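Asker:
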Amino acid sequence: MTTMHTLPHDPYIARVTDALTEAGLEPTEHWTSDGETKGVYCHLAAVITLDPSGTDDLPDEEVQAGTAWRHGLILSWEWHTGAEEGWEKGPHWEFAALKADGSCQYVPVTLPVDGYASPAAVVEAARKVVAHEIKPDPHSSSGDVLWDGGTIGGIWERRAELDAACEAWGAAEATETEMKESN
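In this text, residue positions in the sequence shown follow this note's numbering: the first is 4, and each later residue adds one.
#1: Who are the near neighbours of GLU25 in its chain, counting only those whose CB is closer than 6 Å to its CB and skipping five residues on each side?
#2: Helix, strand or coil for LEU114? Go by DSSP, reduced to three states.
#3: Just the C-alpha distance for ILE77 and LYS92, rounded to the nearest angstrom, thanks.
#4: Considering only the alpha carbon of each residue, which of GLY75, LEU114, ALA86 and GLU65 lies closest to SER56?
#5: Would you identify the three-state DSSP class for GLY173, choosing helix, strand or coil?
#6: With a 10 Å radius around its C-beta and 16 neighbouring C-beta atoms as the bar for buried, classify HIS12 as buried or exposed.
#7: Tell me the rounded alpha-carbon separation between MET4 and ASP151.
#8: What does DSSP give as the partner residue(s) for ILE155 in the beta ladder?
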């Protein structure tokens, strides 16, 4: 659910989108949400779409066959409370190529940056994805990535503040869920 109020990760994602823009990878769209299903699980999410080929809005007949990132690239960030089965607590970044209908061409795969990566690290990783230095492992069904360069870049200087805000949001959501379940 996209919200109209400020979320804990809004300043972080704003800084990442600013860094991408400054680096010439201007997002075509971005949004944040408190992607929650009340009573089931709660998480914070952000989506940033890029059009590295500059062809997303062009008719097919105007696009050269084999153009990389024909319909764009999606970068996503999620922070999980750890309460939901199958999700590790904390943040992580992923990426995927987009299809014409806006869905992903493949299961999003891990972007090799820290969950609280500096905006410069996200830019560097995005550039490596665009250049196909980082790519999905075609033999993996679990979101593995072909990349042997380790974790890219550093951590955001406001990581502690962001982590505390996300933790406070998660605690408030858990309390709200518990109250609803007890009624």
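Virtual Cβ for every residue (Gly too), placed ideally from N, Cα, C. Here the structure is a predicted model, which is why all the values come from computation and not from measurement.
Answerer: The structure says:
#1: Your numbering for residue 25 matches position 22 in the sequence shown. Within the same chain, GLU25 has no close Cβ partners at all.
#2: Working through the sequence shown from its first residue, we reach residue 114 at position 111. Look at LEU114 here: in three-state DSSP terms it is coil, with no helix or strand label.
#3: Along the sequence shown, read from residue 1 onward, the residue named residue 77 stands at position 74. Along the sequence shown, read from residue 1 onward, the residue named residue 92 stands at position 89. The alpha-carbon separation between ILE77 and LYS92 amounts to approximately 22 Å.
#4: Position 53 of the sequence shown, counted from the first residue, corresponds to residue 56. Looking at GLY75, LEU114, ALA86 and GLU65, the one whose alpha-carbon comes closest to that of SER56 is GLY75.
#5: Position 170 of the sequence shown, counted from the first residue, corresponds to residue 173. DSSP places GLY173 in the helix class (H, G or I) of the three-state scheme.
#6: Residue 12 sits at position 9 when you count from the first residue of the sequence shown. Looking at its Cβ environment, which holds 16 or more other Cβ atoms inside 10 Å, HIS12 is buried.
#7: In the sequence shown, the residue the question calls residue 4 occupies position 1. In the sequence shown, the residue the question calls residue 151 occupies position 148. Confidence at MET4 is low in this model, with a pLDDT of 39, below 50, so the placement of that residue should be treated as unreliable; the coordinate-derived value is given next. Using only the alpha carbons, I get a separation of about 36 Å.
#8: Within the sequence shown, the letter at position 152 stands for residue 155. Answer by DSSP bridge pairing: none, since ILE155 is not bridged.
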